[in-house]
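Structure first, commentary second.
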Amino acid sequence: ARCEREPHLLGQGSGFVFYALMDAVVDRYFPVLDALEIELENIEEQIFIKGAARSNIERLYALKRKVTILKHAVAPLMEAAGKLHGGRVPSVCINTQEYFRDVYDHLNHINASIDTMRDTIGMAIQVNLSMVTIEESEVTKRLAAWAGIFAVATAFVGIWGMNFEVMPELRWQYGYPAALSVIALVCGILYRRFKKAGWL
1 ARCEREPHLL GQGSGFVFYA LMDAVVDRYF PVLDALEIEL ENIEEQIFIK GAARSNIERL
61 YALKRKVTIL KHAVAPLMEA AGKLHGGRVP SVCINTQEYF RDVYDHLNHI NASIDTMRDT
121 IGMAIQVNLS MVTIEESEVT KRLAAWAGIF AVATAFVGIW GMNFEVMPEL RWQYGYPAAL
181 SVIALVCGIL YRRFKKAGWL
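Heads up, the sequence shown is in our numbering, so the first residue is 1 and it goes up one at a time.
What follows is the structure in structure tokens.
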């Protein structure tokens, strides 16, 4: 397209045509890079939403794969542009080294952005794994708290369910309500303690 708009530049030889092709390809990478950055920002906004950690990890790994594909696409072009702007291919880069330098600078910018994004994705994955661990520990604490409450109730019921001959409270008319009250009181105290500790 640029060659069509500026046909006089074709007089600089086949090197300029090659530059124009490389420049057109590299320019198409910027919208892709922007889209990936927007996707990463959207995932980052979801990181601390409760219950979203596992799905975020899946999305982050999918995004990491896309970034890796882009990295593999950019690397060979960057190497080629480096050689061309450095004048190591004289038959191609005569009078076009500055043009290839421009392409190389764009690729270098894209490559730096990709590396930054990969680091950010890595940190986001670690944060999400930590969030999963925290969520699992919260569930474990709740289960442990309820298990403790029921264990105490079960212990009292087990003691009063023993068939001893001498158990004065069995002949007391308020023995049954008193036993239930003791169980309820102890369980209530434990519930409040666990609630205060953040386990329930």
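Even glycine gets a Cβ: it sits at the ideal position worked out from N, Cα and C. These numbers were taken from a predicted model, which means no experiment stands behind them.
- Query: Near Phe-156, what residues of its chain come up, given a Cβ to Cβ distance below 8 Å and the 5 sequence neighbours on each side ignored?
  - Reply: As a first step, residue 156 is located in the sequence shown; it is residue number 156 there, counting from the start. Around Phe-156: Ala-179, Val-182, Ile-183, Val-186.
- Message: I need the straight-line Cα distance from Arg-142 to Ile-121, nearest angstrom please.
- Response: Residue 142 sits at position 142 when you count from the first residue of the sequence shown. Residue 121 sits at position 121 when you count from the first residue of the sequence shown. Whole-angstrom Cα-Cα distance: 32 Å.
- Excluding sequence positions up to five away, which residues of its chain have a Cβ less than 8 Å from the Cβ of Ala-144? Indexing the sequence shown from 1 puts residue 144 at position 144. Trp-199.
- Could you say which of Tyr-61, Ala-80, Val-67, Gly-148 lies nearest to Ala-112 if we only look at CA atoms? Within the sequence shown, the letter at position 112 stands for residue 112. Ranking Tyr-61, Ala-80, Val-67, Gly-148 by Cα distance to Ala-112 puts Val-67 first.
- Message: At the level of alpha carbons, what is the spacing between Thr-133 and Glu-58?
- Response: Translated into the one-based positions of the sequence shown, residue 133 becomes position 133. Translated into the one-based positions of the sequence shown, residue 58 becomes position 58. About 16 Å.
- Message: Suppose contacts are defined by Cβ-Cβ distances below 8 Å. Is His-106 in contact with Val-17 by that definition?
- Response: Walking along the sequence shown from the start, residue 106 turns up at place 106. Walking along the sequence shown from the start, residue 17 turns up at place 17. Result no, Cβ atoms of His-106 and Val-17 do not sit closer than 8 Å.
- Query: Helix or strand or just coil, what does DSSP make of Phe-150?
  - Reply: Position 150 of the sequence shown, counted from the start, is the residue given in the question as residue 150. It is helical.
- Closest by CA to Tyr-99, which one among Lys-196, Met-22, Ala-197? The count along the sequence shown starts at 1 and reaches residue 99 at position 99. If we check each option's Cα against that of Tyr-99, Met-22 comes out closest.
- Message: Here's a check: name, in chain order, each residue in its chain whose Cβ is nearer than 8 Å to the Cβ of Ala-203, leaving out the five neighbours to either side.
- Response: Missing from the structure shown is residue 203; the chain here goes from 1 to 200 and no further.
- Short Cβ contact (8 Å threshold) for Leu-114 with Lys-71: As a first step, residue 114 must be located in the sequence shown, where it is residue number 114. As a first step, residue 71 must be located in the sequence shown, where it is residue number 71. For the record, residue 114 in the displayed sequence is Ile; it is not Leu. Yes, these two residues count as a Cβ contact at 8 Å.
- Mapping DSSP to helix, strand and coil, what is Ala-52? Numbered from its first residue, the sequence shown carries residue 52 at position 52. Ala-52: coil per DSSP, three-state reduction.
- Cβ shell of Val-152 (< 7 Å), same chain only, five flanking positions each side left out: Position 152 of the sequence shown holds residue 152. These residues qualify, in order along the chain: Val-186, Cys-187, Leu-190.
- Item | Status (buried if at least 16 other CB within 10 Å, exposed otherwise) for Leu-60 | As a first step, residue 60 must be located in the sequence shown, where it is residue number 60. So Leu-60 ends up on the buried side.
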